[in-house]
Amino acid sequence: MTLRDWVDETRTRFREEGVAAASRESAYELYLGGFRRLSPFYPGGENVFDREWDVLLVLDACRVDLLRQVAALGGYPFLDRPGELVSVGSSSIEWLSRTFDEDHREAARETAYVTGNPFSQRVLSEADLHVLDEVWRYGWDDERGTIPARALTDRAVATHREFGPDRMIVHYMQPHFPSVPDPLTGGMNAETLGEGKGWEDPWEKLRRGELSFERVWRSYARNLEYVLDDVALLLRSLDADRVVITADHGNAAGEWGVYGHPKVPIPVLRNVPWYETSARDDGEYEPELERPERGGTEEGVEDKLSALGYL
1 MTLRDWVDET RTRFREEGVA AASRESAYEL YLGGFRRLSP FYPGGENVFD
51 REWDVLLVLD ACRVDLLRQV AALGGYPFLD RPGELVSVGS SSIEWLSRTF
101 DEDHREAARE TAYVTGNPFS QRVLSEADLH VLDEVWRYGW DDERGTIPAR
151 ALTDRAVATH REFGPDRMIV HYMQPHFPSV PDPLTGGMNA ETLGEGKGWE
201 DPWEKLRRGE LSFERVWRSY ARNLEYVLDD VALLLRSLDA DRVVITADHG
251 NAAGEWGVYG HPKVPIPVLR NVPWYETSAR DDGEYEPELE RPERGGTEEG
301 VEDKLSALGY L
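Numbers 1 to 311, taken from UniProt numbering, label the letters of the sequence shown in order.
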């Protein structure tokens with residue numbers, strides 16, 4: 001956002017929202033803008049292609065402490081080798097752009113990427129990868145306003161069994177809000193998505209004092225458990241000696257006065273989990289979701305990004 005954009009948005013806010021609300025929101029945007037100027041001075045992070053793994057499971061917007069908390073409760077025995085990584089980005093678009101960069105072009109061409117994150121269309125093409133399966137194009141759930149974890153699991157199992165790639169990345173959308181098992185707002189539906197209205201981000205509602213930290217965190221944790229149940233299924237449905245569970249970025253819950261995951265360089269956004277495990281296919285699960293021949297269209301891409309709070 002340029003200074004002129006900020007001024008124009010501030011004028012609009014004062015007309016539509018009143019002095020108090022407009023002052024609060026514009027001050028926050030100005031604060032974030034100043035923070036973004038520090039990005040060149042923040043450590044660049046480590047590209048995941050520089051580490052050893054056969055299958056990389058990316059949990060979108062997963063905090064280190066959240067995964068530790070859920071792991072400590074038990075129920076997910078594959079979360080027994082914890083570690084951390086400094087991510088290359090504070091948001092999905094940064095992570096994608098800096099992961100699939102020129103220095104790692106050859107590694108990417110040997111990799112299958114199965115993704116539920118709509119930002120893939122801004123960064124990648126089929127020529128960049130061994131397999132590019134943009135599941136969000138045809139597996140999106142308009143009622144929930146996100147892509148269910150099972151859609152990614154199905155396509156990851158099918159892709160691994162059919163193509164046997166040297167490496168595979170599976171990019172789940174959870175625990176990124178909206179929370180599938182515990183929605184905090186009315187959520188998305190086909191009508192609001194079609195109008196591109198976006199949604200009420202729980203992190204923003206927390207910032208404005210409309211939701212308590214405890215309520216947001218509980219929903220966030222349940223969404224993580226929801227996707228980990230599918231990770232458990234995936235680990236029983238393919239063969240891989242080195243599987244890593246990580247995240248593209250984290251979420252801020254008030255640290256440094258920041259909420260959600262704007263493109264600002266703070267540790268809670270850049271430090272992500274790195275859990276190592278393995279997978280063995282017991283042959284019992286047969287995926288149901290099939291990939292359409294043409295993989296969907298461009299229609300509705302911006303609406304999906306807006307629904308996830310990106311626009």
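Note that CB positions come from ideal geometry on N, CA and C, so glycine has one too.
**OP:** Report buried or exposed for P292, applying the criterion of at least 16 other Cβ atoms within 10 angstroms of its Cβ.
**Re:** Taking the sequence shown and counting its residues from 1, one reaches residue 292 at position 292. Burial call: exposed.
Original post:
Comparing alpha-carbon positions, which option in R68, H104, S87 lies nearest residue 362?
Top reply: Outside the shown range of the chain (1 to 311) lies residue 362, about which nothing can therefore be said.
Original post:
Out of S212, W203, R208, E284, which has the shortest C-alpha to C-alpha gap to G260?
Top reply: Numbered from its first residue, the sequence shown carries residue 260 at position 260. Ranking S212, W203, R208, E284 by Cα distance to G260 puts W203 first.
Original post:
Does the distance from the CB of S219 to the CB of S179 come in under 8 Å?
Top reply: The residue you call residue 219 lines up with position 219 of the sequence shown. The residue you call residue 179 lines up with position 179 of the sequence shown. For S219 and S179, yes; Cβs fall inside 8 Å.
Subject >> H171, DSSP secondary structure in three states >> reply: Taking the sequence shown and counting its residues from 1, one reaches residue 171 at position 171. The answer is strand: DSSP assigns H171 an E or B state.
Subject >> DSSP bridge partner residues for T153 (one or two, in chain order) >> reply: Start at 1 with the first residue of the sequence shown, and residue 153 comes out as number 153. T153 is not bridged to any residue.
Original post:
Going by the CB atoms, is the gap between Y275 and L79 shorter than 8 Å?
Top reply: On the sequence shown, residue 79 is found 79 positions in, with the first residue counted as 1. On the sequence shown, residue 275 is found 275 positions in, with the first residue counted as 1. In this structure, Y275 lies closer than 8 Å to L79 by Cβ.
**OP:** State the DSSP-derived secondary structure class of E293, mapped to helix, strand or coil.
**Re:** For the purposes of this step, residue 293 is taken as the residue at position 293 of the sequence shown. Three-state result, E293: coil.
**OP:** Indicate whether G250 and C62 have their beta-carbon atoms separated by less than 8 Å.
**Re:** Mapped onto the sequence shown, residue 250 falls at position 250. Mapped onto the sequence shown, residue 62 falls at position 62. The answer is yes: Cβ separation under 8 Å.
Subject >> Buried or exposed by the 16-neighbour rule on C-beta atoms within 10 Å, applied to F163 >> reply: Along the sequence shown, read from residue 1 onward, the residue named residue 163 stands at position 163. With fewer than 16 other Cβ atoms within 10 Å, it is exposed.
**OP:** Pick out whichever of F177, V244, V268, R137 has its Cα sitting closest to the Cα of E290.
**Re:** Position 290 of the sequence shown, counting from 1, holds the residue named residue 290. It is R137 whose Cα lies nearest to the Cα of E290.
Subject >> I245 (DSSP reduced to helix, strand or coil) >> reply: Locating residue 245 in the sequence shown gives position 245, where the first residue counts as 1. Of the three classes helix, strand and coil, the one that applies to I245 here is strand, per DSSP.
Original post:
If we count Cβ pairs, one from each stretch, closer than 8 Å, do we get three or more for the segment 234-249 versus the segment 47-59?
Top reply: yes
Subject >> Short Cβ contact (8 Å threshold) for H130 with A158 >> reply: Taking the sequence shown and counting its residues from 1, one reaches residue 130 at position 130. Taking the sequence shown and counting its residues from 1, one reaches residue 158 at position 158. Result no, Cβ atoms of H130 and A158 do not sit closer than 8 Å.
**OP:** Can you give me the Cβ contacts of V114 inside the same chain, cut-off strictly under 8 Å, excluding the 5 residues immediately before and after it?
**Re:** To locate residue 114, count along the sequence shown from 1; it is residue 114. For V114, where only same-chain residues beyond five positions count, the Cβ hits under 8 Å are V131, D133, V135, L152, R155, A156, T159, M168, I169, V170, H171.
Original post:
To the nearest whole angstrom, what separates the beta carbons of A247 and P265, a pair I think is in contact under 8 Å?
Top reply: As a first step, residue 247 must be located in the sequence shown, where it is residue number 247. As a first step, residue 265 must be located in the sequence shown, where it is residue number 265. 16 Å between Cβ atoms; not a contact.
Original post:
A107 and F49: beta carbons closer than 8 Å?
Top reply: Numbered from 1 along the sequence shown, position 107 holds the residue referred to as residue 107. Numbered from 1 along the sequence shown, position 49 holds the residue referred to as residue 49. Yes, they are a contact pair.
Subject >> Other residues of its chain near N271: CB distance less than 7 Å, five sequence neighbours each side excluded >> reply: By 1-based counting over the sequence shown, the position of residue 271 is 271. Result list for N271: V64, E84, V86, G250, in chain order.
Original post:
Taking the C-alpha atoms as reference points, what is the distance between G295 and A252?
Top reply: Position 295 of the sequence shown holds residue 295. Position 252 of the sequence shown holds residue 252. Only weak support exists for where G295 lies, its pLDDT of 46 falling under 50; the value from the coordinates is given anyway. Whole-angstrom Cα-Cα distance: 34 Å.
**OP:** Determine the contact status of R215 and L184, defining contact as a CB-CB distance below 8 Å.
**Re:** In the sequence shown, the residue the question calls residue 215 occupies position 215. In the sequence shown, the residue the question calls residue 184 occupies position 184. Contact: yes.
**OP:** Provide the residue span of the alpha helix (DSSP H) that contains P267, from first to last.
**Re:** Position 267 of the sequence shown holds residue 267. From DSSP, the alpha helix (DSSP H) with P267 extends over 267-270.
Original post:
Can you check whether the CB of N117 is closer than 8 Å to the CB of D60?
Top reply: The residue given as residue 60 occupies position 60 in the sequence shown. The residue given as residue 117 occupies position 117 in the sequence shown. Yes; because the gap between Cβ atoms is below 8 Å, this pair is in contact.
Subject >> Anticipated Cβ contact below 8 Å, R208 with Y285, distance rounded >> reply: Indexing the sequence shown from 1 puts residue 208 at position 208. Indexing the sequence shown from 1 puts residue 285 at position 285. Not confirmed; about 43 Å, so no contact.
**OP:** Taking S97 as the reference, give the member of P77, E110, Q121, G74 with the closest Cα.
**Re:** The sequence position of residue 97 within the sequence shown is 97, counting from 1. That would be Q121, whose Cα lies nearest to the Cα of S97.
Original post:
So V88 packs on G145, CB below 8 Å; how close in whole Å?
Top reply: Counting from 1 along the sequence shown, the entry for residue 88 is found at position 88. Counting from 1 along the sequence shown, the entry for residue 145 is found at position 145. Not quite, the Cβ-Cβ distance comes to about 28 Å (not below 8 Å), so this is no contact.
Original post:
On the three-state DSSP scale, how would you describe W256?
Top reply: Looking up residue 256 in the sequence shown gives position 256. Here W256 sits in helix by DSSP.
**OP:** Express the C-alpha separation of L228 and E52 in angstroms, rounding to a whole number.
**Re:** Here residue 52 is taken as the residue at index 52 of the sequence shown, counted from 1. Here residue 228 is taken as the residue at index 228 of the sequence shown, counted from 1. Their Cα atoms are separated by approximately 22 Å.
Subject >> K263 and S92 closer than 8 Å at C-beta >> reply: Against the sequence shown, residue 263 aligns to sequence position 263. Against the sequence shown, residue 92 aligns to sequence position 92. Taking 8 Å as the Cβ cut-off, K263 and S92 do not qualify as a contacting pair.
Subject >> Alpha-carbon spacing of V70 relative to A221, whole angstroms >> reply: As a working note, residue 70 is residue 70 in the sequence shown. As a working note, residue 221 is residue 221 in the sequence shown. The alpha-carbon atoms of V70 and A221 are separated by roughly 7 Å.
Original post:
What separation, rounded to the nearest whole angstrom, lies between the Cα atoms of T192 and G283?
Top reply: One-based indexing of the sequence shown puts residue 192 at position 192. One-based indexing of the sequence shown puts residue 283 at position 283. Because the pLDDT of T192 is 39, which lies under 50, any placement of that residue in the model is unreliable, and the number read from its coordinates should be weighed accordingly. Roughly 40 Å separates the two Cα atoms.
Original post:
Going by beta carbon distance, what residues of the same chain come within less than 6 Å of E200, once the five residues before and after it are set aside?
Top reply: Walking along the sequence shown from the start, residue 200 turns up at place 200. So the list reads T185, once near-sequence residues are dropped.
Subject >> Minimum length 4: unbroken alpha helix (DSSP H) runs contained in the segment 212-241 >> reply: 213-235
Subject >> Length-filtered (4 minimum) alpha helix (DSSP H) runs lying within the segment 105-153 >> reply: 105-108, 120-123, 136-139
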